[in-house]
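Residue numbers (the working numbering), protein chains in the order written: chain A, 803 to 1101; chain B, 56 to 335. Quick reminder that beta carbons are idealized off the backbone N, C-alpha and C, glycines included.
So, in structure tokens, the structure goes:
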């Protein structure tokens, strides 16, 4: 009896020792900031140490709802997600289906399509800024001098609408490879017998895709969708580096607006409230997507 | 049901054509970056743009590396990314082992806290993290970057490794236990070696995250000597708006280790992706 008790104590001690280093980092630099962000968002936060911050309740949140720039950044964030998520998924699915169908060079093509994914966001954003440059950019050169689709150089990044087009092009270009690799892996997991059986039943290409490929890939497609929507709402770096929210906050997204409010205008309370609203929004969206799309027994 | 072979060959040919066109469109921007980095400063803004530089030169690379301190930024990035990787993967493996093999009060709570944070945008934390770093004297230090990166990568790594360790057979662990080995011995001699593939995947993604991270490094560091590559490249671009050749030479220096890792360890990338590596 004594022996058993000591063994139990020994196991408990071991478990907590194994937890200790990781939990220390996690609690101090992740969970504590997460809770403190909520607290800051309820204050008119004074950034000077020693000065009192004033509790204002939900005022920072209500301010966002009346703030026109908040709604511009919300619109841009939603637009970015609504365009880049289907864009990435459809193109990635097409590439994956094509790669699955060819007999040779699959790894070569997969590597080429994956290169943008392993290019860092900072480099990719600067590269696209260069490509969409109003005077010497490759895009303007192609449109005006090669294809003659436009009779003048377009100031892509100076105009809010065209700037968003450039940013979304980057988002799609950079993201296709990620979804493609996951789709391709899922395609390769579908048993060939299913296709053979369907072919015997007289199903054509489209029928096989519609009744075998898509249903078999459903969990993968949902996973990619949920992850890409989270990524879309988190869009920050391309906007921050390509336009910085300019002109006049017209290309701002939720996170660039939050970052500017916090670190350029030092309004920590408002910034924290903005970031908490985004976190709640993403949480709800992911929850709704999984609830709506998954069938019982999945995920 | 026998397919017409001629039609089949034509279809495959069309697929190759489309895939080739897509691949060209995908790679073209990157090639243009390489070619710009190889041009002398005068030729960068040329119209019509050239893909093959007239007189290719490595001057931009040499200047970025020597005169513009990119060797220092490279070293900072390497120190930060390697330290983050070692600490985060080790801590996560220990956490995962505890979650997979022990029962203790608070286990579910700790695990759900970690799972929950996987859904939180990391920029939500940046304001309090900034205040914390300031209070602890961690601003303008590489350690301040490493501690935050470790905390931010622990959730996904722990989740990934717990799933792997749970599936390992217990017999070997029991054999060590019977031979008088403690839990530390079991973890070091059995669990870690058997988890090598999962550890490799976790290590790659942690390294990439720390190597590429921009926003926290921008926020936490004001001193030039402590900058990491992504911040240095963006700041350099901000200061010399027209020096694209230098910016892209520095960018290629920053990407080179990543491409090398990818080419060497491709299969771990593919495995890790399905585990959900988008966060960050």
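Counterpart residues of residue i in DSSP-defined beta bridges
i: residue 846/A; result: 856/A
Opening and closing residue of the alpha helix (DSSP H) in which residue i lies
i: residue 1088/A; result: 1070–1095
i: residue 963/A; result: 962–990
i: residue 948/A; result: Here residue 948/A belongs to no alpha helix (DSSP H), and DSSP marks it neither H nor E.
i: residue 217/B; result: 197–221
i: residue 1041/A; result: 1039–1044
i: residue 877/A; result: 870–903
i: residue 303/B; result: 299–319
i: residue 163/B; result: 162–172
i: residue 72/B; result: 60–93
i: residue 278/B; result: Taken as a continuous stretch (DSSP letters only), residue 278/B belongs to no alpha helix (DSSP H), as it is neither H nor E.
i: residue 930/A; result: 923–933
i: residue 226/B; result: 226–233
i: residue 1063/A; result: 1056–1065
i: residue 189/B; result: 181–190
i: residue 956/A; result: Segment: none, residue 956/A is in no alpha helix (DSSP H) and carries neither H nor E.
i: residue 293/B; result: 284–294
i: residue 908/A; result: 908–920
8 Å Cβ cutoff met for residue i and residue j
i: residue 307/B; j: residue 92/B; result: yes
i: residue 301/B; j: residue 119/B; result: yes
i: residue 270/B; j: residue 930/A; result: no
i: residue 132/B; j: residue 284/B; result: yes
i: residue 1034/A; j: residue 882/A; result: yes
i: residue 924/A; j: residue 311/B; result: no
i: residue 862/A; j: residue 1009/A; result: no
i: residue 135/B; j: residue 827/A; result: no
i: residue 885/A; j: residue 970/A; result: yes
i: residue 261/B; j: residue 140/B; result: yes
i: residue 250/B; j: residue 214/B; result: no
i: residue 1074/A; j: residue 871/A; result: no
i: residue 959/A; j: residue 1045/A; result: yes
i: residue 918/A; j: residue 973/A; result: no
i: residue 207/B; j: residue 832/A; result: yes
i: residue 985/A; j: residue 898/A; result: yes
i: residue 983/A; j: residue 912/A; result: yes
i: residue 1055/A; j: residue 879/A; result: yes
i: residue 875/A; j: residue 1059/A; result: yes
i: residue 910/A; j: residue 81/B; result: no
i: residue 180/B; j: residue 839/A; result: yes
i: residue 59/B; j: residue 291/B; result: no
i: residue 145/B; j: residue 820/A; result: no
i: residue 887/A; j: residue 1031/A; result: yes
i: residue 1043/A; j: residue 1057/A; result: no
i: residue 823/A; j: residue 184/B; result: no
i: residue 176/B; j: residue 1084/A; result: yes
i: residue 900/A; j: residue 243/B; result: no
Residue i Cβ short of 7 Å to the ligand FAD heavy atom set
i: residue 294/B; result: Because no ligand of any kind appears in the structure shown, any question about the ligand FAD cannot be addressed here.
Interface partners of residue i on chain C, CB under 9 Å
i: residue 278/B; result: As a matter of chain content, chain C is missing from the structure shown, whose protein chains are A and B.
(message) Give me the subset of the segment 837–851 of chain A whose CB atoms are less than 7 Å from a CB atom of chain B, sorted by chain position.
(response) 838, 839, 842
(message) Using a Cβ-Cβ cutoff of 7 Å, what residues of the segment 285–306 of chain B are near chain A? List them in chain order.
(response) 285, 288, 289, 292, 299, 302, 306
(request) Return the residues of the segment 172–193 of chain B that lie within a Cβ-Cβ distance of less than 7 Å from chain A, sorted by chain order. (result) 172, 174, 175, 176, 178, 179, 180, 182, 183, 184, 187
(message) Tell me which residues of the segment 821–833 of chain A have at least one Cβ-Cβ distance to chain B shorter than 9 Å, keeping chain order.
(response) 821, 822, 823, 824, 825, 826, 827, 828, 829, 830, 831, 832, 833
(request) Scan the segment 236–272 of chain B and note each continuous alpha helix (DSSP H) run of 4 residues or more that stays entirely inside, going in chain order. (result) 238–241, 251–267
(message) At a CB distance below 7 Å, what residues from the segment 141–159 of chain B approach chain A? Give them in sequence order.
(response) 146, 147, 149, 150, 152, 153, 157, 159
(request) Return the residues of the segment 65–98 of chain B that lie within a Cβ-Cβ distance of less than 7 Å from chain A, sorted by chain order. (result) 67, 70, 71, 73, 74, 77, 78, 81, 82, 84, 85, 87, 88
(message) Counting only Cβ-Cβ distances shorter than 7 Å, please list the residues of the segment 1080–1097 of chain A near chain B, keeping chain order.
(response) 1080, 1081, 1084, 1085, 1088
(request) Jot down the residue ranges of each uninterrupted alpha helix (DSSP H) in the segment 105–156 of chain B, minimum 4 residues, whole runs only, in chain order. (result) As far as the segment 105–156 of chain B is concerned, its whole alpha helix (DSSP H) runs of at least 4 residues are 114–121, 125–156.
(message) Along the segment 860–884 of chain A, where does the CB come closer than 9 Å to a CB of chain B? Name the residues.
(response) none
(message) Please give the ranges of any alpha helix (DSSP H) in the segment 987–1030 of chain A, keeping only runs that are unbroken, at least 4 residues long and fully inside the region.
(response) 994–1002, 1007–1010
(request) Using a Cβ-Cβ cut-off of less than 7 Å, give me the residues of the segment 995–1009 of chain A that come near chain B, in sequence order. (result) 1001
(request) Compile a chain-ordered list of the residues in the segment 243–276 of chain B whose CB is closer than 8 Å to at least one CB of chain A. (result) So the close ones are 263, 266, 267, 269, 270, 274.
(message) By the 9 Å beta-carbon criterion, what residues does the segment 923–937 of chain A contribute toward chain B?
(response) 923, 924, 925, 926, 927, 928, 929, 930, 931, 932, 933, 935, 937
(request) Would you list, in chain order, the members of the segment 209–231 of chain B that have their beta-carbon closer than 8 Å to a beta-carbon of chain A? (result) Residues 209, 210, 213.
(request) With 7 Å as the C-beta to C-beta threshold (strictly closer), list the residues of the segment 309–324 of chain B near chain A in chain order. (result) 309, 310, 313, 314, 317
(request) May I ask you to list, following chain order, the residues of the segment 1060–1076 of chain A that have a beta carbon less than 8 Å from some beta carbon of chain B? (result) Within the segment 1060–1076 of chain A, the residues whose Cβ lies closer than 8 Å to some Cβ of chain B are 1060, 1061, 1064, 1065, 1070, 1073, 1074, listed in chain order.
(request) Could you name the residues of the segment 909–921 of chain A whose beta carbon sits closer than 7 Å to any beta carbon of chain B, in the order they occur along the chain? (result) Only those residues of the segment 909–921 of chain A whose C-beta falls short of 7 Å from the nearest C-beta of chain B are listed: 911, 914, 915, 917, 918, 920, 921.
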